[in-house]
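Heads up: the sequence shown runs through residues 34 to 421, numbered per the numbering used here. Ideal Cβ placement from N, Cα and C applies to all residues, glycine included.
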Amino acid sequence: MTNKNTFAAGIGVLTISMMLTSSQAINGVIPQMRAALHITQAQSELLSTAPSITVILFILLSSYLAKQIGMKKTILAGMLLAGVGGILPIFSAQFATVLASRMILGAGLGLYNALAVSYISALFTGNTRATLLGVRNSMELIGQTVLIFAAGLLLNISWTFSFAVYALAFPIALLFYAKVPETQSTPTPTTPKVKEKIPAAVYALVLFAIIMVMISNAISVRFASIAAQIGGNQLNPSNYLALMPVLGIIAGLTFGGVYKHLKQTTMHIAMTCFIIANVLIAISGHSLPVLLAGLFLSSIPCAWCFPMIFNQLDRLTTKNTVNLATGLIFVGCNIGNFLAPLAMQVTQSLTGSTSLTGPFYVFAGILVVLLLLNIEVSRGKLPLLKAA
């Protein structure tokens, strides 16, 4: 490729990642959607996380489909599916239709979730590849910020019109189709296959990822309802939620310097921030500033913890198992995303609490246990995360 074509292909392959975290774009619309559809709090929150079910299934299907029709066609199919599924509620404001649309959206996103990374590795090499892989992660957060903010603006028209943000998938798909070449599959030499097991420590990290994402998404999903309870429906939560990815980007940019000096203590600080964030949300009561402090503080933990998780994978796995282990972490993230509203419902049932902030006391307790276990691991007193 020429320099001009390389630049255009780089832009095209990066923009597809803008949609990957778009399932959270309508979290700020939850109070209005719940009132219009006459559904429960749990049902409205389930609509936010329902895409995670089909994301998981279609992540597992995508590599097979890519082998059959090629990576480019698979990505285009995923983008178009996400766009069509995403905008369906504009035309039919029924619970069943919205649920179906969310599942279709998840199917589309899952179809090209892992391929968004693989495509960069297939087209580019050296420093260009490393740079684009770093930028790609930021594109997810930028896309999330833009879509949440746009959904908040469209909420002024109607809650159903907020789903129009998913139409962004169509111009992105067109750009990708026009500017990004198909990858050429290279035949791999035949070598004896040696079956290697995934270490138990990897499954521990998957469980850790599930819990971290579950609690993080619970904050994002429940925030709009808590904010509406404090400030009324005239308060637009999307404006605050749109800041979260920006804060995540800032936290991510500071990770390298912090980790260089603090090493494993970085994880302990991140989890301590998460505990404090959950406590602040739990005690926010009728105080919007306390709620916002908890919300904004919760942007740090995942931005610091997940780079450390992937760093652990390099140490715990071999080159033959690292891709599978990475895939398991992504599946764990989506399981956590889906479980968020269910976990809040279960904790409220077990504690008998009817407060919207009640579950965050329990989540803070769970995180304290995880922090103590992590400290023991870092001291070498628990052998779980030693390389197999």
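Annotation for valine 254: the continuous alpha helix (DSSP H) segment containing it runs 233-264. Between leucine 114 and serine 56, the C-beta gap is not smaller than 8 Å, which leaves the two residues out of contact. For leucine 405, the closest of Met112, Gln345, Ile308 by C-alpha to C-alpha distance is Ile308. Under the DSSP assignment, tyrosine 394 falls in the alpha helix (DSSP H) whose first and last residues are 392-411.
Rounded to the nearest angstrom, the gap between the Cα atoms of threonine 298 and phenylalanine 329 is 21 Å.
Put simply, the stretch 239-247 touches the stretch 358-368. At least three CB pairs are less than 8 Å apart. Assignment of beta strand (DSSP E) within the stretch 361-393, counting only whole runs of 3 or more residues, yields no such run. Around the beta-carbon of leucine 295, fewer than 16 other beta-carbon atoms lie within 10 Å, marking it exposed. For the pair proline 278 and phenylalanine 393, the Cα-to-Cα distance works out to about 21 Å. Under the 10 Å beta carbon count, phenylalanine 91 is surrounded by 16 or more other beta carbons and is classified as buried.
Scanning Ile89, Val131, Ala41 for the CA closest to the CA of glutamine 76 turns up Val131.
Between the stretch 68-82 and the stretch 201-216, the count of Cβ pairs shorter than 8 Å is below three; the stretches do not touch. Going by C-alpha positions, glycine 119 is about 11 Å away from alanine 140.
Between valine 379 and asparagine 370, the alpha-carbon positions lie close to 15 Å from each other. Sequence-distant Cβ neighbours of alanine 99 in its own chain, meaning closer than 7 Å and more than five residues away, are Thr107, Leu148. Excluding the 5 residues flanking it on each side, histidine 301 has same chain C-beta neighbours closer than 7 Å at Leu404, Asn407, Ile408, in chain order. In this structure, leucine 174 lies near isoleucine 282, with their beta-carbon atoms less than 8 Å apart. Taken atom to atom, the span from the alpha-carbon of valine 198 to that of isoleucine 205 is near 12 Å. In this structure, DSSP gives valine 213 a state outside helix and strand, which the three-state scheme calls coil.
When secondary structure is reduced to three states using DSSP, leucine 268 falls in the coil class, being assigned neither helix nor strand. In the DSSP assignment, serine 317 falls outside any alpha helix (DSSP H) and carries neither an H nor an E. With fewer than 16 other Cβ atoms from the protein chains shown falling within 10 Å of its own Cβ, phenylalanine 40 counts as exposed. Glutamine 127 carries a coil assignment under DSSP once its states are collapsed to helix, strand and coil.
Annotated as proximal: proline 334 and alanine 303, with beta-carbon spacing under 8 Å. Contact between threonine 390 and isoleucine 314 holds, with the beta-carbon distance rounding to 6 Å and staying under 8 Å. Excluding the 5 residues flanking it on each side, alanine 376 has same chain C-beta neighbours closer than 6 Å at Met247, in chain order. When rounded, the separation of the alpha-carbon atoms in proline 232 and proline 122 is 43 Å. The beta carbon of leucine 79 sits closer than 7 Å to the beta carbons of Pro374 from its chain, once the five residues preceding and following it are set aside; these are given in chain order. Here tyrosine 210 has Leu109 as same chain residues with Cβ atoms under 7 Å from its own Cβ, once five neighbours each way along the sequence are excluded.
The Cβ atoms of glycine 176 and valine 88 lie no closer than 8 Å to each other. By the CB criterion at 8 Å, leucine 357 and tyrosine 273 fall outside the cutoff. With a cutoff of 8 Å on beta-carbon distance, alanine 284 and alanine 251 are scored as not near each other. Excluding five sequence positions before and after isoleucine 342, the CB atoms of its chain that fall closer than 8 Å to its own CB belong to Leu238, Phe241, Ala242, Ile362, given in chain order. Serine 151 places its beta carbon less than 8 Å from that of methionine 104.
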